[in-house]
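Asker: Same order as they appear, the protein sequences are chains D and S. Sequential numbering from 696 applies to the first sequence in the numbering used here. Sequential numbering from 696 applies to the second sequence in the numbering used here.
Protein chains: 2
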Amino acid sequence: MSSQDVITVIEDVAEMKAYSNALRKEGKSIALVPTMGALHEGHLSLMREGRKRADILVVSIFVNPTQFGPSEDYNKYMRDREGDLEKMKNIGVDAVFMPGPDEIYPPGFQTYVQVEELEKPLCGALRPGHFRGVATVVLKLFNIVKADVALFGQKDYQQWKIIERMARDLNLDIEILGLPIVREETGLAMSSRNAYLSDQDTQRALSLSRALLEVKSQFANGTCKTESLVDSGKRVLERASVEDVDYLEIRDGETLQNKHEATGGDVAAVAARVGGARLIDNIIL
Amino acid sequence: MSSQDVITVIEDVAEMKAYSNALRKEGKSIALVPTMGALHEGHLSLMREGRKRADILVVSIFVNPTQFGPSEDYNKYMRDREGDLEKMKNIGVDAVFMPGPDEIYPPGFQTYVQVEELEKPLCGALRPGHFRGVATVVLKLFNIVKADVALFGQKDYQQWKIIERMARDLNLDIEILGLPIVREETGLAMSSRNAYLSDQDTQRALSLSRALLEVKSQFANGTCKTESLVDSGKRVLERASVEDVDYLEIRDGETLQNKHEATGGDVAAVAARVGGARLIDNIIL
Numbered sequence: 696m697s698s699q700d701v702i703t704v705i706e707d708v709a710e711m712k713a714y715s716n717a718l719r720k721e722g723k724s725i726a727l728v729p730t731m732g733a734l735h736e737g738h739l740s741l742m743r744e745g746r747k748r749a750d751i752l753v754v755s756i757f758v759n760p761t762q763f764g765p766s767e768d769y770n771k772y773m774r775d776r777e778g779d780l781e782k783m784k785n786i787g788v789d790a791v792f793m794p795g796p797d798e799i800y801p802p803g804f805q806t807y808v809q810v811e812e813l814e815k816p817l818c819g820a821l822r823p824g825h826f827r828g829v830a831t832v833v834l835k836l837f838n839i840v841k842a843d844v845a846l847f848g849q850k851d852y853q854q855w856k857i858i859e860r861m862a863r864d865l866n867l868d869i870e871i872l873g874l875p876i877v878r879e880e881t882g883l884a885m886s887s888r889n890a891y892l893s894d895q896d897t898q899r900a901l902s903l904s905r906a907l908l909e910v911k912s913q914f915a916n917g918t919c920k921t922e923s924l925v926d927s928g929k930r931v932l933e934r935a936s937v938e939d940v941d942y943l944e945i946r947d948g949e950t951l952q953n954k955h956e957a958t959g960g961d962v963a964a965v966a967a968r969v970g971g972a973r974l975i976d977n978i979i980l
Numbered sequence: 696m697s698s699q700d701v702i703t704v705i706e707d708v709a710e711m712k713a714y715s716n717a718l719r720k721e722g723k724s725i726a727l728v729p730t731m732g733a734l735h736e737g738h739l740s741l742m743r744e745g746r747k748r749a750d751i752l753v754v755s756i757f758v759n760p761t762q763f764g765p766s767e768d769y770n771k772y773m774r775d776r777e778g779d780l781e782k783m784k785n786i787g788v789d790a791v792f793m794p795g796p797d798e799i800y801p802p803g804f805q806t807y808v809q810v811e812e813l814e815k816p817l818c819g820a821l822r823p824g825h826f827r828g829v830a831t832v833v834l835k836l837f838n839i840v841k842a843d844v845a846l847f848g849q850k851d852y853q854q855w856k857i858i859e860r861m862a863r864d865l866n867l868d869i870e871i872l873g874l875p876i877v878r879e880e881t882g883l884a885m886s887s888r889n890a891y892l893s894d895q896d897t898q899r900a901l902s903l904s905r906a907l908l909e910v911k912s913q914f915a916n917g918t919c920k921t922e923s924l925v926d927s928g929k930r931v932l933e934r935a936s937v938e939d940v941d942y943l944e945i946r947d948g949e950t951l952q953n954k955h956e957a958t959g960g961d962v963a964a965v966a967a968r969v970g971g972a973r974l975i976d977n978i979i980l
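1. Kindly provide the ranges of any alpha helix (DSSP H) runs that are 4 or more residues long and lie completely inside the stretch 872-916 of chain D, ordered along the chain.
2. Looking at the structure shown, is N953 (chain S) part of a helix, part of a strand, or coil, going by DSSP?
3. Mind reading off the beta-carbon distance from L865 (chain D) to T806 (chain S)? Whole number of angstroms is fine, and I expect it under 8 Å.
4. For D976 (chain D), tell me which candidate among D:V925, D:Q913 and D:L883 has the shortest Cα-Cα distance.
5. When DSSP labels each residue in this structure, what does A733 (chain D) get in the three-state scheme?
6. Which two residues bound the contiguous beta strand (DSSP E) that contains S755 (chain S)?
7. Have a look at S:I858, S:V833, S:G960 and S:I756 and flag the residue whose alpha-carbon is nearest the alpha-carbon of A915 (chain S).
8. Going by other Cβ atoms of all chains shown within 10 Å of its Cβ, with 16 needed for buried, is R827 (chain D) buried or exposed?
9. Determine the DSSP secondary structure at A830 (chain D), reduced to helix, strand or coil.
10. Can the beta-carbon of I799 (chain D) be found closer than 9 Å to that of V940 (chain D)?
11. Applying the criterion that 16 or more other CB atoms from any shown protein chain within 10 Å of the CB defines a buried residue, is G745 (chain S) buried or exposed?
12. Pull up the CB-CB distance for V910 (chain D) and S936 (chain D), whole angstroms please, since I reckon it's below 8 Å.
13. Considering Cα atoms alone, identify which of D:Y852, D:Q853, D:V810 and D:G848 is closest to L834 (chain D).
14. So, do the stretch 872-879 of chain S and the stretch 734-745 of chain S have three or more beta carbon pairs nearer to each other than 8 Å?
15. Shorter than 9 Å from the beta carbon of E706 (chain S) to some beta carbon of chain D?
16. Write down the C-beta distance between V829 (chain S) and Q854 (chain S) rounded to the nearest angstrom, noting that I regard them as a contact closer than 8 Å.
17. Around the Cβ of G971 (chain D), are there at least 16 other Cβ atoms within 10 angstroms (buried) or fewer (exposed)?
18. At a Cβ threshold of 9 Å, is E811 (chain D) touching chain S?
19. Cβ of I756 (chain S) within 9 Å of Cβ of D779 (chain S)?
20. Quick check on DSSP: helix, strand or coil for A862 (chain S)?
21. Could you tell me whether any Cβ in chain D is nearer than 9 Å to the Cβ of N866 (chain S)?
22. Please identify, using Cβ separations under 7 Å, the residues of the stretch 824-858 of chain S that lie next to chain D, in order along the chain.
23. If L846 (chain S) and L741 (chain S) are in contact, beta carbons under 8 Å, what's the gap, nearest whole angstrom?
24. How far does the beta strand (DSSP E) with D941 (chain S) in it reach, from first residue to last?
25. Does the beta carbon of T950 (chain D) come closer than 9 Å to any beta carbon on chain S?
26. Alpha carbons only, please: which of S:R888, S:E870 and S:V704 is nearest the one belonging to K784 (chain S)?
27. Could you please give me the residues that DSSP links to D976 (chain S) through a beta bridge?
28. Please report the distance separating the alpha-carbon of K815 (chain D) from that of A862 (chain D).
29. Would you mind giving the Cβ-Cβ distance between I858 (chain D) and I871 (chain D), rounded to the nearest angstrom? I have them listed as a contact below 8 Å.
30. Let me know the beta strand (DSSP E) ranges lying completely inside the stretch 794-838 of chain S, each 3 residues or longer, listed in chain order.
31. Tell me whether V844 (chain D) sits in a helix, a strand or coil according to DSSP, three-state version.
32. What span of residues does the beta strand (DSSP E) with T918 (chain S) cover, start to end?
33. What are the start and end residues of the alpha helix (DSSP H) that includes A709 (chain S)?
34. So with CB distances below 7 Å, who are the chain D contacts of Q942 (chain S)?
35. Reducing DSSP to helix, strand and coil, say where E744 (chain S) ends up.
36. If distances are taken between C-alpha atoms only, which option among D:Q762, D:R973, D:V791 and D:A749 comes closest to D896 (chain D)?
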C-alpha cells in the first residue's frame, strides 16, 4: 500500500480481527506498533521500522486504563486523534486500531497476565499493577491484530523485557523488537509526558540523560561497583535540583536482577518526577 | 485420517507448532482435547466429539505441575503412556502431544494467567494457585496447537467456565466446548482419581452423585432456598459416612456467584475426600 493511501481506522475488535484474518489468508505478514497515542518521533521510528518488517503495518492507539494506578494520569493523559492521524501520514501505516475502553474491557472482564519476576523491580515496585495491565492489553492486541512482529521502544526497557518474556513463556508466534530510544538534540528521551514540562522543567529534565551518560562514562573508565556508579549519576541529578527520584539503578539487562558489580549489557535506569511529569530513561552499559 | 492409522506422538513444542502450522496452511481445522492422561471414558467422549468437529484431532497429555499444590498428588498422579495410547486407538486421534515438564516450563518461565473472579470460589478457595496453573497451561497449549476448537468435560465445571472466560477475555480465536459428565452405571462420575478408591470407598463415593440428584429432585419439587437444598444434599453424604466434605454449594451457572434462591441453570457442585481421593461432581439445576 502506498503512503498516499488513506489510513483505515478500525474501532472494534471484530472488525480488526476480520481485517487481519483476511490479510493472513492472502499470506500477508503484519507488523504491529502498540501505542497510547500522543505520538512523537519515538513512535514514528517504530512505525518506519515496522513498515520494513512486514507487508502490512498496523498501529494501535489505546490509552489502557488497567496500566494506570488510581492516583495516576489516566484521565489527563493526552488524547489527540486528529493530530495522531496527521503525524502518521507518509509513513505507510495501513490501519489504525483505536478501540474504546469498553471494547477492550467489556463487562465481566477478569483475565490478567503477569510476568511475575520481571515486573517486580524498578517501575513495577512503584506502580503496583502497572505491568499486569500492560502485559494483559498487549496480549489482547497480539491476539486481535495477529501480528507477526511487534515493535516497542527501549525507553520503556522493563516493559520491552516483560513483553519479550511473555511472548516466549506463552509460546506466541510473534517476534518482539525493541528499538533504540529516540532523543531530542539535547539528549532528552522523547516521551508523550514531556508535554507536561515547563521550559524550566525541561532544563532540569535533561539531567536524567546526563546522569545516565555519567554512569556509562564512569563504567567505561573502569568503575565497576554499581554503588559508586549510581552515586555518580545521582550527583548529576542533585546538581540539577531533581530531588524526586523514584530510582536510579543498575540491573542485569535480561533478568533485571540487582548487581553489585556492573558488566557490559547491564542497564542503568532512572525514574524521576520533574514538575508534574514522571519521566523515565535508561542506557545500556 | 482413518482410525487404523498410526497416531503421531509429538514431544516437543517446536515440532507440535510445525505440525499444526503445516495443517493450517492447508486450510485444515484442528480440535484439541487437553488431558493429564490416565484416560477414561470421559476423555474418550471428548475425543469422539472432537473427531466430528474438525479435520484434525489432537490430544495433549501433560500432568501439569503448576496446577498441583505442594501437598497434592502430582508425583503419584497416574502416568500410563502405553495404556493411554492403546485406549486412543480406533477413535481417530491424529496426534498426541506429550511434552515433558521442562518443555512447557523451561528455566526462567514466569508468566501466569489468572481469571480473577471465577477462580475464587469452590475448588479455587481450597486449592490456591490451582486455576492459575490450569489457565496458564491451557493458554500455552492453545498457542502451541493452534486449535479451532477445544473440548473440556463438564465434570470440571469451574475449570470449563474459567477457560471459556479466558478465551473471551483474551480475544482468542477458539471455540470452547463443555461436554456432559460421563458416569459409571452406578452414577459415579468418571475420574482418573477413582483408581485410588477401594471397593468400600467406591460405595461411599456414590453418595456424591446421589446427593446432587437429591438436590435436583428437591429443586424440581419446588424448594428454592439454597440453604435447604444444600442441607438435603449434605444429609445424603452424612448417611454414607462421607465426612470430609470440602463443599456442597449451589452457585450461578455462569458467574459462580453465591445464591440465596436457586434458579434453573444454577450448578450444584460438591467436592469431598473419600479414602485417599479428592472427588468432585456437579449437576445443573
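A virtual CB, placed ideally from N, CA and C, is assigned to each residue, including glycine. Since the structure is predicted, the reported quantities are computational estimates derived from the model, not experimental observations.
Answerer: On the basis of the coordinates in this document:
1. 894-915
2. Translated into positions along the second sequence, residue 953 (chain S) becomes position 258. DSSP places N953 (chain S) in strand when its eight states are reduced to three.
3. As a position in the first sequence, residue 865 (chain D) is number 170, starting the count at 1. As a position in the second sequence, residue 806 (chain S) is number 111, starting the count at 1. Sure, about 6 Å apart at Cβ, within 8 Å.
4. For this step, residue 976 (chain D) is matched to residue 281 along the first sequence. The residue with the shortest Cα to Cα distance from D976 (chain D) is D:L883.
5. As a working note, residue 733 (chain D) is residue 38 in the first sequence. It is coil, neither helix nor strand.
6. The residue given as residue 755 (chain S) occupies position 60 in the second sequence. Taken as a continuous stretch (DSSP letters only), the beta strand (DSSP E) holding S755 (chain S) covers I751 to I756.
7. Against the second sequence, residue 915 (chain S) aligns to sequence position 220. Per the Cα distances, S:G960.
8. Position 132 of the first sequence holds residue 827 (chain D). Buried, because 16 or more other Cβ atoms sit within 10 Å of the Cβ of R827 (chain D).
9. Here residue 830 (chain D) refers to the residue found at position 135 when the first sequence is read from its first residue. Helix, per DSSP.
10. Counted from its first residue, the first sequence places residue 799 (chain D) at position 104. Counted from its first residue, the first sequence places residue 940 (chain D) at position 245. Contact flag unset, no.
11. Locating residue 745 (chain S) in the second sequence gives position 50, where the first residue counts as 1. Under this definition G745 (chain S) is a buried residue.
12. Start at 1 with the first residue of the first sequence, and residue 910 (chain D) comes out as number 215. Start at 1 with the first residue of the first sequence, and residue 936 (chain D) comes out as number 241. 19 Å between Cβ atoms; not a contact.
13. If you number the first sequence from 1, residue 834 (chain D) lands on position 139. Closest by alpha carbon: D:V810.
14. yes
15. Counting from one through the second sequence, the residue named residue 706 (chain S) turns up at place 11. By this cut-off, E706 (chain S) is not an interface position.
16. On the second sequence, residue 829 (chain S) is found 134 positions in, with the first residue counted as 1. On the second sequence, residue 854 (chain S) is found 159 positions in, with the first residue counted as 1. Right, their Cβ atoms sit about 6 Å apart.
17. Residue numbering aside, residue 971 (chain D) sits at position 276 when the first sequence is read from its first letter. G971 (chain D) is exposed by the Cβ-count criterion.
18. In the first sequence, the residue the question calls residue 811 (chain D) occupies position 116. Yes, E811 (chain D) lies at the interface with chain S (some Cβ there is under 9 Å from its Cβ).
19. Taking the second sequence and counting its residues from 1, one reaches residue 756 (chain S) at position 61. Taking the second sequence and counting its residues from 1, one reaches residue 779 (chain S) at position 84. In contact: I756 (chain S) and D779 (chain S) (Cβ atoms closer than 9 Å).
20. Reading the second sequence from its first residue, position 167 is the one you call residue 862 (chain S). In the structure shown, A862 (chain S) sits in a helix (DSSP, three-state: H, G or I).
21. Walking along the second sequence from the start, residue 866 (chain S) turns up at place 171. So yes, N866 (chain S) belongs to the interface.
22. L834, K835, N838 and I839
23. Position 151 of the second sequence, counted from the first residue, corresponds to residue 846 (chain S). Position 46 of the second sequence, counted from the first residue, corresponds to residue 741 (chain S). Yes, L846 (chain S) and L741 (chain S) are in contact; Cβ-Cβ is about 4 Å, under 8 Å.
24. The residue you call residue 941 (chain S) lines up with position 246 of the second sequence. First-last of the beta strand (DSSP E) with D941 (chain S): D939 to R946.
25. On the first sequence, residue 950 (chain D) is found 255 positions in, with the first residue counted as 1. Taking Cβ atoms only, chain S reaches closer than 9 Å to T950 (chain D), which makes this a yes.
26. Against the second sequence, residue 784 (chain S) aligns to sequence position 89. It is S:V704 whose Cα lies nearest to the Cα of K784 (chain S).
27. By one-based count along the second sequence, residue 976 (chain S) stands at place 281. Paired residue(s): S:V965.
28. In the first sequence, residue 815 (chain D) corresponds to position 120, counting from 1. In the first sequence, residue 862 (chain D) corresponds to position 167, counting from 1. Going by the C-alpha atoms only, they are around 18 Å apart.
29. On the first sequence, residue 858 (chain D) is found 163 positions in, with the first residue counted as 1. On the first sequence, residue 871 (chain D) is found 176 positions in, with the first residue counted as 1. The Cβ separation is near 6 Å, so the contact holds.
30. 806-810
31. Residue 844 (chain D) sits at position 149 when you count from the first residue of the first sequence. In the structure shown, V844 (chain D) sits in a strand (DSSP, three-state: E or B).
32. On the second sequence, residue 918 (chain S) is found 223 positions in, with the first residue counted as 1. Run containing T918 (chain S): none; DSSP gives neither H nor E here.
33. Within the second sequence, numbered from 1, the residue matching residue 709 (chain S) stands at position 14. Taken as a continuous stretch (DSSP letters only), the alpha helix (DSSP H) holding A709 (chain S) covers V708 to K720.
34. As a position in the second sequence, residue 942 (chain S) is number 247, starting the count at 1. The displayed chain sequence assigns Tyr, not Gln, to residue 942 (chain S). Those do not exist, as Y942 (chain S) stays about 21 Å from chain D at its closest Cβ, beyond 7 Å.
35. Here residue 744 (chain S) corresponds to residue number 49 of the second sequence, with the count starting at 1. Here E744 (chain S) sits in helix by DSSP.
36. Taking the first residue of the first sequence as 1, we reach residue 896 (chain D) at position 201. The candidate whose alpha carbon is nearest that of D896 (chain D) is D:R973.
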